[in-house]
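**Q** For the sequence shown, the positions run -5 to 195 when my numbering is used.
From the three backbone atoms N, C-alpha and C, an ideal C-beta is built for every residue, glycine too.
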Amino acid sequence: MAAHPSEGNKLLRAVEMTLVQMFISQEAVYECVKELGELGEVQFVDLLRGTSLFQRCFVSELKRAEEMERKLRYLVADINKEDIRVSLDYTFPRAPTTLEICDLEVKLDGLHVELTEVNKNLDDLVKSYTELLEIKNTLVSADVFFAKGTGSIWSGNTPVRTPSPFDTESGEYPRHLSYITGILDQDKVSTFERILWRSSR
């Protein structure tokens, strides 16, 4: 701790320092460290450098902060993906209180759940739209294919309808043809081709 804190003093090797040891109750640790950190005149020394982070008493708070940071990164990633402009405040904020951290955690949880549900619904809508578009294109292609089966030939100024294998207006016995129109998953195409090859031999 600096002996004579002033506006110009910085935590440099040339500044006179005093080594002190404080005993603080577990309930008041965060508030005390927050206030000391706001002063900017205290340098903390880690007395448990050889101890893993998961073996320290504040591991639950650390995991809690990391989880909130993960949710914030998720929100920021979606904001950047949608190209949403957010006004930024570059002033360095004060350390939040315990109550403010709890409120922030609740808000982040709500936003994360809501955004996750919105993204899931969007993915489902895109998938449904793609499937409907595939079915529409299949029906259009099938309609064009069967329309080519019936045509007309001009004899002078009168069109003469050509017989189609799909009707009986020509007086001939219809050919034994059947057809199926539908959508097939990409990963099942090879299996379907093998079934067709074996059944058509």
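#1: Is it buried or exposed for LYS65, if we count other Cβ within 10 angstroms and need 16 for buried?
#2: Check this for me: beta carbons of LEU102 and PRO90, under 9 Å apart or not?
#3: Under a three-way DSSP split, which group does MET11 fall into?
#4: So ARG50 packs on LEU42, CB below 8 Å; how close in whole Å?
#5: Pick helix, strand or coil for VAL39, following the three-state DSSP scheme.
#6: To the nearest angstrom, how far is the alpha carbon of PHE186 from that of ASP137?
#7: Looking at the structure shown, is GLU64 part of a helix, part of a strand, or coil, going by DSSP?
#8: Would you identify the three-state DSSP class for CYS26, choosing helix, strand or coil?
#9: By the three-class DSSP mapping on this structure, what secondary structure does PHE48 have?
#10: Distance check for ILE18 and GLU94, CA to CA, integer angstroms please.
#11: Using 9 Å as the limit for Cβ to Cβ distance, is PHE140 near chain C?
#12: Report the option in PRO87, THR45, ILE73 and CYS96 whose CA atom is closest to the CA atom of GLU61.
#13: When the Cα atoms are used, what is the spatial distance from ASP117 to SER54?
#14: Short of 6 Å in beta carbon distance, which residues of its chain neighbour ILE73, apart from the five on each side in sequence? Order them along the chain.
#15: Hey, would you say ILE177 sits closer than 9 Å to GLU111, going by beta carbons?
#16: Mind checking which residues open and close the alpha helix (DSSP H) that includes LYS121?
#17: Going by Cα to Cα distance, which pick from GLU125, GLN15, THR175 and GLN20 is closest to VAL36?
#18: Along the chain, where does the alpha helix (DSSP H) that runs through ARG188 open and close?
**A** On the basis of the supplied data:
#1: Start at 1 with the first residue of the sequence shown, and residue 65 comes out as number 71. Label assigned to LYS65: buried.
#2: On the sequence shown, position 108 is the one that residue 102 refers to. On the sequence shown, position 96 is the one that residue 90 refers to. Not a contact, by the Cβ cut-off of 9 Å.
#3: Position 17 of the sequence shown, counted from the start, is the residue given in the question as residue 11. Three-state result, MET11: strand.
#4: On the sequence shown, position 56 is the one that residue 50 refers to. On the sequence shown, position 48 is the one that residue 42 refers to. Indeed, because the Cβ distance is near 7 Å, the residues count as touching under 8 Å.
#5: Position 45 of the sequence shown, counting from 1, holds the residue named residue 39. Residue state, collapsed to three classes: coil.
#6: Numbered from its first residue, the sequence shown carries residue 186 at position 192. Numbered from its first residue, the sequence shown carries residue 137 at position 143. When rounded, the distance between both Cα atoms is 23 Å.
#7: Position 70 of the sequence shown holds residue 64. According to the sequence displayed, residue 64 carries Arg and not Glu. Three-state DSSP puts ARG64 in a helix.
#8: The residue given as residue 26 occupies position 32 in the sequence shown. Annotated three-state conformation of CYS26 is helix, per DSSP.
#9: To locate residue 48, count along the sequence shown from 1; it is residue 54. Correct three-state label for PHE48: helix.
#10: As a position in the sequence shown, residue 94 is number 100, starting the count at 1. As a position in the sequence shown, residue 18 is number 24, starting the count at 1. Distance between the alpha carbons of GLU94 and ILE18: 22 Å.
#11: Going by chain labels, chain C is absent from the structure shown, which holds only one protein chain.
#12: Here residue 61 corresponds to residue number 67 of the sequence shown, with the count starting at 1. Here the closest residue by C-alpha is CYS96.
#13: Taking the first residue of the sequence shown as 1, we reach residue 117 at position 123. Taking the first residue of the sequence shown as 1, we reach residue 54 at position 60. Looking at the two C-alpha atoms, the distance is approximately 34 Å.
#14: As a working note, residue 73 is residue 79 in the sequence shown. Same-chain partners within the cutoff: there are none.
#15: In the sequence shown, residue 177 corresponds to position 183, counting from 1. In the sequence shown, residue 111 corresponds to position 117, counting from 1. No.
#16: As a working note, residue 121 is residue 127 in the sequence shown. 92 to 141 is the extent of the alpha helix (DSSP H) around LYS121.
#17: Translated into positions along the sequence shown, residue 36 becomes position 42. Closest by alpha carbon: GLN15.
#18: The count along the sequence shown starts at 1 and reaches residue 188 at position 194. From DSSP, the alpha helix (DSSP H) with ARG188 extends over 183 to 193.
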